[in-house]
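Numbering (the numbering used here), first residue to last: 17 to 142. The C-beta atom is built at its ideal place from N, Cα and C for all residues, glycine as well. To start, the structure itself, in structure tokens.
Here is the structure:
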């Protein structure tokens, strides 16, 4: 499942994920739409952007994990500021990845999260 406020980014991430052989059950721009799809489709991994149409990504992560603690939720950050990283880490997400990171990291992160492991990319704090 891909959750991102920008429909173009959602589609781009979906295409990348599919090109690496992973199924995608849906894309959503907001928390409520994501909750609806996830409840029906039960994906193993949810890639969640930090800024959604109707909520903060970190809030959605907390909701998703309260409903299904085994869900591999990975937050995708658009920036690597200290505040964004702190919020992402406090959410309980299994992983944190940068949107600007290598595509191979995204695919690898999905597999890692699906296997129940933690995911992280190297982040330079400016």
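### Query
My guess is that residue 108 and residue 77 are in contact by the Cβ rule of under 8 Å, so how many angstroms apart are they, rounded?
6 Å
### Query
Quick one, are the C-beta atoms of residue 80 and residue 92 less than 8 Å apart?
no
### Query
Is residue 128 helix, strand or coil when you go by DSSP?
helix
### Query
Quick one: what's residue 61 bridged to in DSSP?
88
### Message
Give me, in chain order, the residues of the same chain whose beta-carbon lies closer than 7 Å to that of residue 53; leave out the 5 immediate sequence neighbours on both sides.
### Response
17, 41, 42 and 44
#### Entry: the stretch 54-68 contacting the stretch 116-135, beta-carbon criterion three pairs below 8 Å
yes
### Query
Quick one, which of 103, 35 and 57 has its alpha-carbon nearest residue 66's?
103
### Query
Comparing alpha-carbon positions, which option in 58, 39, 99 and 69 lies nearest residue 20?
69
### Task
Kindly indicate which residue of 34, 111, 85 and 23 has the alpha-carbon position closest to the one of residue 58.
85
#### Entry: Beta carbon of residue 47 nearer than 8 Å to that of residue 87
no
### Query
What number of angstroms, rounded off, separates the C-alpha of residue 25 from the C-alpha of residue 98?
23 Å
### Task
Starting from residue 113, follow its DSSP beta bridges and name the residues at the other end.
92
### Query
Which partner residues does residue 43 have in the DSSP bridge list?
18
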